[in-house]
Amino acid sequence: MSGELTDEMLMLRYKDGDADAFDNLFARHNGGVYRYFLRQGQAAPYAEELAQDVWINLIRAAANYEVTAKFNTWLYRIAHNRLIDHVRSASARPEDGFDELPETANAAPIPEFQIPERINERRQMAEHMLRVIAELPPDQAEVFLLHEEGELTLEQIAAATGVGRETAKSRLRYALNKLRTALNEWH
Amino acid sequence: MTRPTQHIPDTVDRYLAEDSDLSRLYREHPREDPSPHLAEHVRAAARKALAARAATRQPTRSWFNRIYHAPRIPLATVASGVLVVTISLNVLYEKGDKTLDPGYDGSWQSSNPALSKDAGKPEAPIVQSQNPPPVKPSAERPAPAQTKAQAKPAPDFQQKTLPFDLNSQAPFTPEQWLADIQALVKAGKMDEAKEELRGFVQDHPHHPLPDTLKTLLLPVPTSKPTGQTATSPVP
Numbered sequence: 093m094s095g096e097l098t099d100e101m102l103m104l105r106y107k108d109g110d111a112d113a114f115d116n117l118f119a120r121h122n123g124g125v126y127r128y129f130l131r132q133g134q135a136a137p138y139a140e141e142l143a144q145d146v147w148i149n150l151i152r153a154a155a156n157y158e159v160t161a162k163f164n165t166w167l168y169r170i171a172h173n174r175l176i177d178h179v180r181s182a183s184a185r186p187e188d189g190f191d192e193l194p195e196t197a198n199a200a201p202i203p204e205f206q207i208p209e210r211i212n213e214r215r216q217m218a219e220h221m222l223r224v225i226a227e228l229p230p231d232q233a234e235v236f237l238l239h240e241e242g243e244l245t246l247e248q249i250a251a252a253t254g255v256g257r258e259t260a261k262s263r264l265r266y267a268l269n270k271l272r273t274a275l276n277e278w279h
Numbered sequence: 039m040t041r042p043t044q045h046i047p048d049t050v051d052r053y054l055a056e057d058s059d060l061s062r063l064y065r066e067h068p069r070e071d072p073s074p075h076l077a078e079h080v081r082a083a084a085r086k087a088l089a090a091r092a093a094t095r096q097p098t099r100s101w102f103n104r105i106y107h108a109p110r111i112p113l114a115t116v117a118s119g120v121l122v123v124t125i126s127l128n129v130l131y132e133k134g135d136k137t138l139d140p141g142y143d144g145s146w147q148s149s150n151p152a153l154s155k156d157a158g159k160p161e162a163p164i165v166q167s168q169n170p171p172p173v174k175p176s177a178e179r180p181a182p183a184q185t186k187a188q189a190k191p192a193p194d195f196q197q198k199t200l201p202f203d204l205n206s207q208a209p210f211t212p213e214q215w216l217a218d219i220q221a222l223v224k225a226g227k228m229d230e231a232k233e234e235l236r237g238f239v240q241d242h243p244h245h246p247l248p249d250t251l252k253t254l255l256l257p258v259p260t261s262k263p264t265g266q267t268a269t270s271p272v273p
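Chains as they are written, first to last, in the working numbering: chain G, 93 to 279; chain B, 39 to 273.
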């Protein structure tokens, strides 16, 4: 039943004491938030820790939650702020700086001989795409991931990142052009 | 010659509006998910926060709990007040304020020897103050028999038939007075009967007298009768 409810309804139910509503909400967005960090150059343990911090902050703010915006805009704004804090603290500690490209091996690798040629090609292209995303400037990678993982609109991306709509659109345009160029060159 | 400006479609709008090739390629990569440990930790934190909020929230009391846990002082005060009033009324009742009881018939005094003894004294404060003689003329009348009784002990019957018999709560009527006088006559105490009768005639000059008592008012012939008859009573 709670699966038919919107994110905002689930959050209000959790605010009123319905723990199952939170479970449903968490199941909807847990992976997206995790990959939002993972695809921006964070190693899996860091991405998991950052994702956990986002949810803990959301739980603490639940008592005062009011529907003033889309839930995913609020959620990814928390994630955006947490990532900025993490990057700033990592800059102060070079040994904890940005990690190397996320390992695509998080997904179980399939032996080459078991994959048809066409599928293998698409898979390699997707892996290359992830590497390109990780090499994008952080602002550009973020707006792309906010749309792909958080399903945010341009206006929501602007609100979550604290910039104007045109700035968000410009960042997204740069990200898309670089991705296309990199994929064309790879192909 | 200038070349016309080539219209470049807004790649961002197209990317956002439709399922672009970039989005499809992005989704073709297997999606990594966080470990189950993250889910367990976050869900536990969510439930813990709910429990903490519930603990700090003011508990809602049912109507029974509100009454049961209400301050006891008002109830105890009311109970004490009721007890004090009840005891006070009981004490007043036992002290003799029987007039509070509308069904009181006065029989309690005769059944109480101590009070009956005191009631024989006219100056008994309680009886005098609370039970005045109901018939005023009898109370104001200087009863000759009573003054005589003060000089000598009153006979037993007089104790019971005196007009100021305080044992009796019934009003002392002229008929009762006459009955007492007739009782004196029957007892052979003619002198006392005459004195009582004179007092009665003085107080009730127009009250008809029985024939048996009228003869008491006739003058006693001191000499031989000369045909003169007594026609007027002694005033």
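Don't be surprised by glycine CBs; every beta carbon is placed ideally from N, CA and C.
Smallest Cα separation from residue i: which of the options?
{"i": "G:Gly242", "options": "G:Ala139, G:Asp112 and G:Leu167", "result": "G:Leu167"}
{"i": "B:Asp229", "options": "B:Leu254, B:Gln240 and B:Ala217", "result": "B:Leu254"}
{"i": "G:Ala226", "options": "G:Tyr106, G:Lys107 and G:Gln134", "result": "G:Gln134"}
{"i": "G:Met217", "options": "G:Leu271, G:Gly123 and G:Tyr138", "result": "G:Leu271"}
{"i": "G:His121", "options": "G:Asp99, G:Asp110, G:Val159 and G:Ser183", "result": "G:Asp99"}
{"i": "G:Tyr266", "options": "G:Ala250, G:Thr245 and G:Asp231", "result": "G:Asp231"}
{"i": "B:Ala77", "options": "G:Arg131, G:Leu117, G:Lys107 and G:Ala153", "result": "G:Leu117"}
{"i": "G:Val179", "options": "G:Arg214, G:Val159 and G:Tyr138", "result": "G:Tyr138"}
{"i": "G:Arg174", "options": "G:Arg214, G:Val125 and G:Ser262", "result": "G:Val125"}
{"i": "G:Pro229", "options": "G:Ser262, G:Glu213 and G:Asp112", "result": "G:Ser262"}
{"i": "G:Met101", "options": "G:Glu247, G:Phe129, G:Glu158 and G:Ile148", "result": "G:Glu158"}
{"i": "B:Arg52", "options": "G:Ile211, G:Leu97, G:Thr245 and G:Val255", "result": "G:Thr245"}
{"i": "B:Pro212", "options": "B:Lys224, B:Pro248, B:Ala225 and B:Asn128", "result": "B:Pro248"}
{"i": "B:Val80", "options": "G:Met103, G:Ala119, G:Ile211 and G:Ile148", "result": "G:Ile148"}
Under 8 Å between the Cβ atoms of residue i and residue j?
{"i": "G:Gln260", "j": "G:His172", "result": "Gln is not the amino acid found at residue 260 of chain G; the sequence shown has Ala there. Going by C-beta atoms, G:Ala260 is not nearer than 8 Å to G:His172."}
{"i": "G:Val224", "j": "G:Ala274", "result": "yes"}
{"i": "G:Ile170", "j": "G:Leu142", "result": "no"}
{"i": "G:His239", "j": "B:Leu54", "result": "yes"}
{"i": "G:Leu237", "j": "G:Gln132", "result": "yes"}
{"i": "G:Ala161", "j": "G:Lys107", "result": "no"}
{"i": "B:Glu66", "j": "G:Arg215", "result": "yes"}
{"i": "B:Leu88", "j": "G:Met221", "result": "no"}
{"i": "B:Gln220", "j": "B:Thr250", "result": "yes"}
{"i": "G:Glu247", "j": "B:Pro72", "result": "no"}
{"i": "B:Glu70", "j": "G:Arg127", "result": "yes"}
{"i": "B:Ala92", "j": "G:Gly109", "result": "yes"}
Taking Cβ-Cβ distances shorter than 9 Å, what residues in chain G pair up with residue i?
{"i": "B:Asp71", "result": "Asn122, Gly123, Tyr126, Arg127 and Asn198"}
{"i": "B:Leu60", "result": "Met221, Phe236, Glu240, Leu268, Leu271, Arg272 and Leu275"}
Quick check: is the beta carbon of residue i nearer than 8 Å to any beta carbon in chain G?
{"i": "B:Thr49", "result": "yes"}
{"i": "B:Glu56", "result": "no"}
{"i": "B:Val116", "result": "no"}
{"i": "B:Ala83", "result": "yes"}
Kindly say whether residue i, judged by its beta-carbon, lies nearer than 8 Å to any beta-carbon of chain B.
{"i": "G:Gln132", "result": "no"}
{"i": "G:Glu100", "result": "no"}
{"i": "G:Met221", "result": "yes"}
{"i": "G:Arg214", "result": "yes"}
Taking residue i as the query, report the chain G residues whose CB atoms sit under 8 Å from its CB, ordered along the chain.
{"i": "B:Ser126", "result": "By Cβ distance, chain G contributes nothing, its closest Cβ being about 56 Å from B:Ser126, past 8 Å."}
Measuring from the CB of residue i, is there a heavy atom of the ligand ZN at a distance below 7 Å?
{"i": "G:Met103", "result": "Although the ligand ZN was asked about, the structure shown includes no ligands whatsoever."}
By the criterion of Cβ-Cβ separation under 8 Å, what are the contact partners of residue i in chain B?
{"i": "G:Gly109", "result": "Leu88, Arg91 and Ala92"}
Name the chain G residues whose beta carbon is nearer than 7 Å to that of residue i?
{"i": "B:Val122", "result": "Those do not exist, as B:Val122 stays about 51 Å from chain G at its closest Cβ, beyond 7 Å."}
{"i": "B:Leu76", "result": "Glu140, Ala143 and Gln144"}
Anything in chain B within Cβ reach of residue i, meaning under 7 Å, just list it in chain order.
{"i": "G:Met217", "result": "Leu63"}
{"i": "G:Arg265", "result": "Thr49 and Val50"}
{"i": "G:Leu246", "result": "Leu54"}
{"i": "G:Asp115", "result": "Arg81"}
(message) Against chain C, which members of the stretch 144 to 164 of chain G pass a CB distance test of less than 8 Å?
(response) Protein chains in the displayed structure are G and B, and chain C is not among them.
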